[in-house]
Amino acid sequence: MTNSIAEIEGAKAILVTGSNTTEMHPVLSTYVKRAVRQRDAKLILVDPRRIALQRHATKWLRPKPGTDVAWINGLMHVILEEGLHDEAYIRERTEGFDTVREVVKAYTPTAVEQITGIPAHDLVAAARLFGQAERAAVLYAMGITQHTTGTDNVKSLANLTLLTGNVGVPNAGLNPLRGQNNVQGACDMGALPNVYSGYQQVADPAARERMAQGWQLDGLPDTPGRTLTEITEAALAGEIRALYIVGENPMLSDPDLTHLEKALRKLDLLVVQDIFHTETAQVAHVVLPGASFAEKDGTFTNTERRVQRVRQAVAPPGDARADWEIISELSTRMGYEMAYESPAQIMDEIAAVTPSYGGISYARIERHGLQWPCPSPDHPGTTFLHKGQFARGRGLFHAIEYQAPPEVPDKEYPLYLSTGRVLYHWHTGSMTRRSAGMVDRVSECEMEISAADAARFSIADGAPVRVRSRRGEIQAKAKITNRAVEGTIFIPFHFAESAVNVLTHGQRDPVAKIPGIKVCAVHVEAA
Amino acid sequence: MKVKLTIDGKEIATSHGNTILMAARRAGIEIPTLCYHPRLPASGACRVCVVEIEGRAALGASCAIPVADDMVVQTRSPRVLEARKLAIELLLASGDHNCLTCQANGACGLQERAYELGIETLAFAVQSPGYPKDNSNKMIERDLNKCILCGRCVRACNDVQVNEVLHIGHRGGKAKIVTAFDRSYGDSQCVFCGECVALCPTGALTEAGAKFQGRPWDLKKVRTTCAYCGTGCQLDLNVHKGRVVKVTSDYHHGVPNFGSLCTKGRFAYDFIHHADRLTTPLIREKGALREVGWDEALERVAGQFSEIKAKHGPHALAVLASARCTNEENYLLQKFTRGVLGTNNIDHCARL
Ligand code: SF4
Ligand code: SF4
Ligand code: SF4
Numbered sequence: 000m001t002n003s004i005a006e007i008e009g010a011k012a013i014l015v016t017g018s019n020t021t022e023m024h025p026v027l028s029t030y031v032k033r034a035v036r037q038r039d040a041k042l043i044l045v046d047p048r049r050i051a052l053q054r055h056a057t058k059w060l061r062p063k064p065g066t067d068v069a070w071i072n073g074l075m076h077v078i079l080e081e082g083l084h085d086e087a088y089i090r091e092r093t094e095g096f097d098t099v100r101e102v103v104k105a106y107t108p109t110a111v112e113q114i115t116g117i118p119a120h121d122l123v124a125a126a127r128l129f130g131q132a133e134r135a136a137v138l139y140a141m142g143i144t145q146h147t148t149g150t151d152n153v154k155s156l157a158n159l160t161l162l163t164g165n166v167g168v169p170n171a172g173l174n175p176l177r178g179q180n181n182v183q184g185a186c187d188m189g190a191l192p193n194v195y196s197g198y199q200q201v202a203d204p205a206a207r208e209r210m211a212q213g214w215q216l217d218g219l220p221d222t223p224g225r226t227l228t229e230i231t232e233a234a235l236a237g238e239i240r241a242l243y244i245v246g247e248n249p250m251l252s253d254p255d256l257t258h259l260e261k262a263l264r265k266l267d268l269l270v271v272q273d274i275f276h277t278e279t280a281q282v283a284h285v286v287l288p289g290a291s292f293a294e295k296d297g298t299f300t301n302t303e304r305r306v307q308r309v310r311q312a313v314a315p316p317g318d319a320r321a322d323w324e325i326i327s328e329l330s331t332r333m334g335y336e337m338a339y340e341s342p343a344q345i346m347d348e349i350a351a352v353t354p355s356y357g358g359i360s361y362a363r364i365e366r367h368g369l370q371w372p373c374p375s376p377d378h379p380g381t382t383f384l385h386k387g388q389f390a391r392g393r394g395l396f397h398a399i400e401y402q403a404p405p406e407v408p409d410k411e412y413p414l415y416l417s418t419g420r421v422l423y424h425w426h427t428g429s430m431t432r433r434s435a436g437m438v439d440r441v442s443e444c445e446m447e448i449s450a451a452d453a454a455r456f457s458i459a460d461g462a463p464v465r466v467r468s469r470r471g472e473i474q475a476k477a478k479i480t481n482r483a484v485e486g487t488i489f490i491p492f493h494f495a496e497s498a499v500n501v502l503t504h505g506q507r508d509p510v511a512k513i514p515g516i517k518v519c520a521v522h523v524e525a526a
Numbered sequence: 000m001k002v003k004l005t006i007d008g009k010e011i012a013t014s015h016g017n018t019i020l021m022a023a024r025r026a027g028i029e030i031p032t033l034c035y036h037p038r039l040p041a042s043g044a045c046r047v048c049v050v051e052i053e054g055r056a057a058l059g060a061s062c063a064i065p066v067a068d069d070m071v072v073q074t075r076s077p078r079v080l081e082a083r084k085l086a087i088e089l090l091l092a093s094g095d096h097n098c099l100t101c102q103a104n105g106a107c108g109l110q111e112r113a114y115e116l117g118i119e120t121l122a123f124a125v126q127s128p129g130y131p132k133d134n135s136n137k138m139i140e141r142d143l144n145k146c147i148l149c150g151r152c153v154r155a156c157n158d159v160q161v162n163e164v165l166h167i168g169h170r171g172g173k174a175k176i177v178t179a180f181d182r183s184y185g186d187s188q189c190v191f192c193g194e195c196v197a198l199c200p201t202g203a204l205t206e207a208g209a210k211f212q213g214r215p216w217d218l219k220k221v222r223t224t225c226a227y228c229g230t231g232c233q234l235d236l237n238v239h240k241g242r243v244v245k246v247t248s249d250y251h252h253g254v255p256n257f258g259s260l261c262t263k264g265r266f267a268y269d270f271i272h273h274a275d276r277l278t279t280p281l282i283r284e285k286g287a288l289r290e291v292g293w294d295e296a297l298e299r300v301a302g303q304f305s306e307i308k309a310k311h312g313p314h315a316l317a318v319l320a321s322a323r324c325t326n327e328e329n330y331l332l333q334k335f336t337r338g339v340l341g342t343n344n345i346d347h348c349a350r351l
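Listed in order, the protein sequences are those of chains A and B. The numbering of the first sequence is numbering that gives the first Met the number 0, which starts it at 0 and goes up by one. The numbering of the second sequence is numbering that gives the first Met the number 0, which starts it at 0 and goes up by one.
See the structure below:
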């Protein structure tokens, strides 16, 4: 997030899109709801599903899945048309505005209605709410990024916030809501093929030199590595022969599972380190028992860049060990000694080689977390980014044209499938499906379908259904609900027995390499 | 401009807009409360925080009355203490406050107030309303016979979480905390955030899973960060006999969650001690996984990584890190991948 969670409560307008906030980020959503209920903020919700936040929305836009760039360009069209943009801000703090102005010209409310299905007058009303607000915040999550055009979607939202002068000021900003507890931290720490911790490029000789020095290691590889999808492909091709998976269960979370399983089975060595015998562990050659968050010390970085302590409360079960200990031991056995005594010591090393974490130490975050960038021990941390100036100098506009999603419903596969999570479960369910309270509320995979679609495909509430795509087929239980809108069904991905990612496609966004999990076309019938 | 007033003979200067209660607390004068909580809008319902204000006939609820210049306030006069005692005595008689069997024993606002006021015997006959317990779910146990109608749960649900599930209903002239149509929690629109439980001062709302798992004074609290979503709520794992038996959160910690949690953070902790946990390394042999010691497992992995690297080069190796692991672990993994394995083939699964 460019801004902080608590700042949301002070925003005058909040645009939420691709985020079922009350279920995915429940406590964060309370800031949104309080802003609306208690401080009269305007909430613009853009989501095909009638999610719980809809009850609080001042304006609800319901686009066809995969048409985000079109409605965002449409909002900008109206904002420009009505002079609601922030001219001084654009002039002083940004560049590239003219190309965007050119591109959005064609996105008139009527043209956008044709693409997205959003009534023209609703688009205009939403644009006014956003454009007129003194401070407007955009919140988005995987519903925006998990598309083949995910990068375009995010850039478009960035355009919208720049156009209205909402980046680099409090109570506003462009705010991705990170799904898992420490995705932010995993990225910050360089668990990515192209960057070291703190987003220092592996291809940059100076960065490489710095890390080599800090680590006392020579010959660090200089070309970016492979992404998860590329790793899968390379494994299939026999180019990658060993894979070490720590704490993840791609056999349930990844798109196009059949393909992935083939790849994993081809490996000479698959090592899985986890706390449960997950679907992925079941195909491993070696399984290493790790510790849960309650059994180790460390830090997580939340979605507002706040580095906070994780503390050991109980001992790991049996012979299980903290992951940092396992990794250290493995490294030592391979000839590079890692002799850390504690995670605190690892954090000191992180601070030494990672400029944005330079001022972070366990002593400083003993009571309260710190938000990076925090470059030095006396730096108070950063509540919101780009204050006064952007990291790169000026905020850059990107002119983006709408592109239709790669797979849209047709005769054979007449419905959109959208995937995601439900309140009571998390990711692949390995934790929540072993927690009694959650299972008591939701124990099986429910496919949400509108009454109209249910009638059209002769599906009864609570009845078993077969859902088929070009890639595979699964079974689930139908739930007729007014959360679903006509033409789109929703299936959560927590359930191995109804692994929805058998249906989704692995086609990726060309830049972010995030799979287009959110949109695909399916056929539904009673089972 | 500061407001100047006198509380218990002490001259105090405080900010405009503060209540008497806030001004007193800031000056180190403790006024007992029951329905008040700093996270919630004040309601003045319980009459426990009453004080005597010079020039006013009636006692006033200090949590709801703003300070004014030259106010003279008594917080412990005989009249005030008598009124407080009566308020507590009436509440003690209003329901089934059987501390012996109550999960909240030792962490109950009503019990504490009664103790502070030196209440030894019941002044009035107990008239418990006789409501059936709400055991409709596995997270929240609700026994309205212990409810003192302080309304904290209602404000927690509506003003903090904005879930708008609870309200004060009247049935047959008798007030009761209800969901829509007086349904059980399980059948209502409740999303089990547990904010109402956290802010209930009595045993009316308790964590079902923590029942009989440890008394409040047995529990050791370890502050940590939630392992579910990216909000990063701060919470306290409540540990007894080496097990996590409950999760709570401290309002006074402040950002990012001010004591609020959601259903996952508060109630989805059973997995920690689940029988399915992996407890020993495993190696696959002839198709089946066999339990082995760490030495053997790590030797095997280190050996085979080295072998493959020697034969096919470093880029035949790859690592998937995790959004669930700590920063320190992710950092070590990238260091290990780049520095020891010799490749940049590292990624993690969920990219957002
Ligand atoms: S658990 Fe949360 S939603 Fe349910 S009644 Fe309590 S405060 Fe309201
Ligand atoms: S249930 Fe608890 S919080 Fe709610 S009114 Fe009763 S005693 Fe107060
Ligand atoms: S308690 Fe809920 S909202 Fe808070 S971090 Fe955990 S999952 Fe997210």
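For glycine and all other residues, C-beta sits at the position ideal for the given N, C-alpha and C.
Any beta carbon of chain A sitting closer than 8 angstroms to that of residue i?
i: C156 of chain B; result: no
i: E327 of chain B; result: yes
i: M250 of chain B; result: What sits at residue 250 of chain B in the sequence shown is Tyr, not Met. Output row for Y250 of chain B: interface = no.
i: D180 of chain B; result: With the sequence shown as reference, residue 180 of chain B is identified as Phe, and Asp is not the correct amino acid for it. No, because no Cβ of chain A sits closer than 8 angstroms to the Cβ of F180 of chain B.
i: I345 of chain B; result: yes
i: R289 of chain B; result: no
i: V244 of chain B; result: no
i: C225 of chain B; result: yes
i: F123 of chain B; result: no
i: L351 of chain B; result: Unreliable placement is indicated for L351 of chain B, whose pLDDT of 42 sits below 50; the coordinate value is still reported in the next sentence. At least one chain A Cβ lies under 8 angstroms of L351 of chain B.
In chain A, what lies closer than 9 angstroms to residue i by C-beta?
i: N134 of chain B; result: Those do not exist, as N134 of chain B stays about 11 angstroms from chain A at its closest Cβ, beyond 9 angstroms.
Report the residue from the options whose alpha carbon sits nearest the alpha carbon of residue i.
i: A262 of chain A; options: A:H276, A:V282, A:E247, A:G246; result: A:V282
i: H166 of chain B; options: B:K173, B:V159, B:V177; result: B:V177
i: A234 of chain A; options: A:H258, A:V464, A:P249, A:L266; result: A:L266
i: V528 of chain A; options: A:Q388, A:P47, A:T353; result: The shown model of chain A, from 0 to 526, leaves out residue 528 of chain A, and the question about it has no answer.
i: P215 of chain B; options: B:T223, B:Q126, B:E163, B:V246; result: B:V246
i: V168 of chain A; options: A:R433, A:M210, A:A157, A:G387; result: A:G387
i: T107 of chain A; options: A:A140, A:A125, A:N72; result: A:N72
i: G253 of chain B; options: B:L340, B:L99, B:H15, B:R222; result: B:R222
Using a Cβ-Cβ distance cut-off of 8 angstroms, determine whether residue i contacts chain B.
i: R308 of chain A; result: yes
i: D203 of chain A; result: no
i: I244 of chain A; result: yes
i: G570 of chain A; result: Here chain A has residues from 0 to 526 only, and residue 570 of chain A is not among them.
i: T16 of chain A; result: no
i: G436 of chain A; result: yes
i: S360 of chain A; result: no
i: H258 of chain A; result: no
i: M75 of chain A; result: no
i: A10 of chain A; result: no
Quick one: measure Cβ to Cβ for residue i and residue j, integer angstroms, because I've assumed they're closer than 8 angstroms.
i: Y415 of chain A; j: V518 of chain A; result: 6 angstroms
i: L58 of chain B; j: Y35 of chain B; result: That belief does not hold up - the Cβ atoms of L58 of chain B and Y35 of chain B are roughly 15 angstroms apart, past 8 angstroms.
i: A498 of chain A; j: F489 of chain A; result: About 15 angstroms separates the two Cβ atoms, so there is no contact after all.
i: A60 of chain B; j: C48 of chain B; result: 6 angstroms
Could you list which residues in chain A have their beta carbon closer than 7 angstroms to that of residue i, in chain order?
i: S305 of chain B; result: M333
i: G241 of chain B; result: V313, A314
Run through chain B and tell me which residues come within less than 9 angstroms of residue i, C-beta to C-beta.
i: F489 of chain A; result: Within chain B, no residue comes near F489 of chain A; the closest Cβ sits about 18 angstroms away, beyond 9 angstroms.
Counting only Cβ pairs nearer than 7 angstroms, list the residues of chain B close to residue i.
i: G317 of chain A; result: T278, T279
i: G297 of chain A; result: T325, N326, E327, E328
Given that residue i touches chain B, what residues does it touch there, using C-beta distances under 8 angstroms?
i: T226 of chain A; result: D346
Whose Cβ in chain A lies nearer than 8 angstroms to the Cβ of residue i?
i: V164 of chain B; result: Those do not exist, as V164 of chain B stays about 12 angstroms from chain A at its closest Cβ, beyond 8 angstroms.
Check: In chain order, what residues place their C-beta within less than 5 angstroms of a heavy atom belonging to ligand 3?
Finding: A:P25, A:V26, B:C225, B:Y227, B:C228, B:T230, B:C232, B:L260, B:C261, B:K263, B:G264
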